[in-house]
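Chains as they are written, first to last, in full-length UniProt numbering: chain A, 1 to 294; chain B, 1 to 234. Following: one structure in structure tokens, then a few remarks.
Below, the structure is given as structure tokens:
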């Protein structure tokens, strides 16, 4: 098998991709691989990142880690995910794109409860996000077991970011293909909102966005006054931003998912569906009116 | 050299202990009570310790025996209810499930020769049905209309059985339980006259603040004992 491969396939590819010749000679994968297709895939992919994107363990000469950048691309290819840190709590919202008309409502959720005081929303690959949600739950449980109090936001964010980060350090694991938003309410410190990207970078935000159309949404977020904004008001703002990012004629239909943690409720919960429906209709109505006015 | 090694004894005796727990099933709910004492041997070490626990909105737990083991069980239950919370599927563990769960936990521990040194009483009220069950340190589970643990088995159960009627209300149940604790305080040296009463009814679970029972000591035999021996109150 190996014989025929080296005589037939490789010279052909080398002709068209002379740049990567060196790479193929160095690659130890070549000698361990026994099928045409595998070899072909390696070579084909190498041609995009000039050989430095096969593993998250290797920097490119200009100091980039391509695998992590691809993961970020995966995270930004899904529906818009937004977070707002208000005066009385945190609200997260997701534009969940519906890939089929046969999908049941509220299935494949992208917003998750982590603990009584913590919530999480996913932009990007749903399964990867669920894995992180599970991890976050474990972290919170462990913290509770040891200290008998809810896990502080900065520690939770740091632990999860660390977990994401180690997945960008080894060739035998794939980085997480998602960006996650974590919201918490702490009796002492109040609300907190963190965003963690596939590289393990995390910051605390007033408002943040990930996924398709995040640039536009960020501009919208910057116009808000988060010291004055309440969670109730935030619902409408979020619905407006998601509605604005969505092109009805081009994009697939979507479901709006929202989750919040508020002072007066005391613990995290999904925003009731009827409330989401109301703000969504209001946002759509407003958009129509503005269109008419133009 | 010693060839025969003594068997491993993880837990040979409890250190800080709680006394009796009493439970009674009523037509409109369940009453469980415990005094607020945690003894260190015969020393009344912690006199304001709550041994009653709200597990869910419809289920409560009372524990006697080793207090640290009870706290460990409390931790397990908190993890369980947090997991239920995160699932967010409107499903809560029923009192019956929690009773069975605790049975499995205590049985597993005793099978490792390291029992949780507790007797637990689980009560709850779901779908107009009262539940009252007990788990002992061997992992034995059973249900009954009236339950008692510790010294309460000896002094409380006969009183509870006598007072029990299927149509008891929770208010009557509370009165009966108070009476039982009064008797226990007179006779059980590891008890205190400060109790908490918890109820599970259609309105959910409530645990009362600790309160003191009125006691009466000026019995003739106490006031004027004629001799040390002939006025035994037994």
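Think of the CB as a built atom: it goes at the ideal place given N, C-alpha and C, for glycine as much as any other residue. Please read these numbers as outputs of a predicted model, since none were measured by experiment.
#1: My assumption, with CB atoms under 8 Å, is that residue 22 of chain B sits in contact with residue 200 of chain B. Please give the rounded CB distance.
#2: Can you tell me whether residue 23 of chain A is helix, strand or coil according to DSSP?
#3: What are the complete beta strand (DSSP E) segments, minimum 3 residues, inside the segment 134-171 of chain A?
#4: Grouping DSSP H, G and I as helix and E and B as strand, with all else coil, what is residue 119 of chain B?
#5: Locate the alpha helix (DSSP H) running through residue 162 of chain B, then write down its first and last residues.
#6: Is residue 158 of chain A close to chain B? Criterion is C-beta to C-beta, closer than 8 Å.
#7: Going by the beta-carbon positions, is the gap between residue 208 of chain A and residue 229 of chain A smaller than 8 Å?
#8: What do you reckon, are the CB atoms on residue 31 of chain B and residue 202 of chain B nearer than 8 Å?
#9: For residue 83 of chain B, is the classification buried or exposed, using 16 other Cβ atoms within 10 angstroms of its Cβ as the cut-off for buried?
#10: If you check the beta carbons only, do residue 120 of chain A and residue 136 of chain A fall under 8 Å apart?
#11: Taking contact to mean at least 3 C-beta pairs separated by less than 8 Å, is the segment 102-117 of chain A in contact with the segment 163-172 of chain A?
#12: Which term fits residue 258 of chain A, buried or exposed, when burial requires 16 or more other beta carbons within 10 angstroms of its beta carbon?
#13: Taking 8 Å as the CB-CB cut-off, is residue 28 of chain A touching chain B?
#14: Give the secondary structure of residue 292 of chain A by DSSP, where H, G and I count as helix, E and B as strand, and everything else as coil.
#15: So with CB distances below 9 Å, who are the chain A contacts of residue 56 of chain B?
#16: Alpha helix (DSSP H) containing residue 95 of chain B: first to last residue?
#17: Assuming residue 246 of chain B contacts residue 212 of chain B under a Cβ cut-off of 8 Å, what Cβ separation, rounded to an integer in Å, is found between them?
#18: Determine which residues of the segment 41-66 of chain B have a Cβ less than 7 Å from any Cβ of chain A, and write them out in chain order.
#19: Measure the alpha-carbon distance for residue 36 of chain A versus residue 53 of chain A and round it to whole angstroms.
#20: Grab me the residues of residue 152 of chain A's own chain with a C-beta within less than 6 Å of its C-beta, minus the 5 sequence neighbours each way, in chain order.
#21: Which whole-angstrom value is the C-beta distance of residue 200 of chain A and residue 168 of chain A, which I expect to be below 8 Å?
#22: Compile a chain-ordered list of the residues in the segment 72-104 of chain B whose CB is closer than 9 Å to at least one CB of chain A.
#23: Could you pull the DSSP bridge partners for residue 129 of chain B from this structure?
#24: Just to make sure I have the definition right: I need the residues of chain B whose C-beta is within less than 9 Å of the C-beta of residue 114 of chain A. Which are they?
#25: By the criterion of Cβ-Cβ separation under 7 Å, what are the contact partners of residue 137 of chain A in chain B?
#26: Since residue 299 of chain A is in the beta strand (DSSP E), which residue starts that stretch and which ends it?
#27: Could you tell me the alpha carbon to alpha carbon distance between residue 69 of chain A and residue 127 of chain A, rounded to whole angstroms?
#28: Residue 141 of chain A touches chain B at which residues, Cβ-Cβ below 7 Å?
#29: Since residue 145 of chain A meets chain B, which of its residues come closer than 8 Å, beta carbon to beta carbon?
#30: Please compile the residues from chain B whose C-beta is within a distance smaller than 9 Å of the C-beta of residue 92 of chain A.
#31: What does DSSP give as the partner residue(s) for residue 21 of chain B in the beta ladder?
#32: Considering just the uninterrupted stretch of the beta strand (DSSP E) at residue 221 of chain B, what are its terminal residues?
#33: In whole angstroms, what is the alpha-carbon distance linking residue 24 of chain B and residue 142 of chain A?
#34: Which bits of chain B does residue 270 of chain A rub up against, with CB to CB less than 9 Å?
#35: Going by CA-CA distance only, name the one from A/112, A/73, A/67, A/78 that's closest to residue 260 of chain A.
Quick look at the numbers:
#1: Contact between residue 22 of chain B and residue 200 of chain B does not hold, since their C-beta atoms are separated by about 14 Å, which reaches or exceeds 8 Å.
#2: The predicted position of residue 23 of chain A is uncertain, since its pLDDT is 46 and thus under 50; no value can be drawn from it.
#3: Listed in chain order, nothing qualifies, since the segment 134-171 of chain A has no complete beta strand (DSSP E) run of 3 or more residues.
#4: Assignment of residue 119 of chain B by DSSP, reduced to helix, strand and coil, places it in the strand class.
#5: Going by DSSP, residue 162 of chain B is part of the alpha helix (DSSP H) stretching over 157-163.
#6: Not an interface residue.
#7: At least 8 Å separates the beta-carbon of residue 208 of chain A from that of residue 229 of chain A.
#8: With contacts defined by Cβ atoms closer than 8 Å, residue 31 of chain B and residue 202 of chain B do not form a contacting pair.
#9: Flag for residue 83 of chain B reads exposed.
#10: Yes, these two residues count as a Cβ contact at 8 Å.
#11: Judged by pairs of C-beta atoms under 8 Å, the segment 102-117 of chain A does not touch the segment 163-172 of chain A, as fewer than three such pairs exist.
#12: By the neighbour-count rule (16 or more Cβ atoms within 10 Å), residue 258 of chain A is buried.
#13: Residue placement at residue 28 of chain A cannot be trusted, given a pLDDT of 44 that sits under 50; the coordinates are not used to answer.
#14: When secondary structure is reduced to three states using DSSP, residue 292 of chain A falls in the helix class.
#15: Within 9 Å Cβ-Cβ: nothing; residue 56 of chain B doesn't reach chain A, min ~13 Å.
#16: Residues 95-111.
#17: The requested residue 246 of chain B does not occur in the structure, where chain B is confined to residues 1 to 234.
#18: Contacts with chain A (Cβ-Cβ distance below 7 Å) from the segment 41-66 of chain B involve no residue at all.
#19: With a pLDDT of 47 at residue 36 of chain A, under the threshold of 50, the modelled position of this residue cannot be trusted, and the question is left open.
#20: Excluding residues within five positions, none has a Cβ falling inside 6 Å.
#21: Between residue 168 of chain A and residue 200 of chain A the Cβ distance is about 6 Å, and since that is below 8 Å, they are a contact.
#22: Flagged, chain order: 75, 78, 79, 82, 83, 85, 86, 87, 88.
#23: According to DSSP, which records beta bridges pairwise, residue 129 of chain B is partnered with B/126.
#24: Ordered by position in chain B, the residues that pass the 9 Å Cβ test against residue 114 of chain A are 86.
#25: Contacts between residue 137 of chain A and chain B, judged by CB atoms closer than 7 Å, involve 86 in chain order.
#26: Residue 299 of chain A lies beyond the residue range present for chain A, which begins at 1 and ends at 294; the question has no answer from this structure.
#27: Taking the straight line from one Cα to the other gives about 19 Å.
#28: Within 7 Å Cβ-Cβ: 79, 82.
#29: Chain B residues near residue 145 of chain A: 75, 79.
#30: None at all; the shortest Cβ gap to chain B is about 14 Å.
#31: According to DSSP, residue 21 of chain B bridges with B/34.
#32: Counting along the chain, residue 221 of chain B falls outside any beta strand (DSSP E), though it belongs to the alpha helix (DSSP H) covering 220-223.
#33: Here the alpha carbons of residue 142 of chain A and residue 24 of chain B stand approximately 36 Å from one another.
#34: Going along chain B in sequence order, the residues near residue 270 of chain A (Cβ under 9 Å) are 88.
#35: For residue 260 of chain A, the nearest C-alpha among the options comes from A/112.
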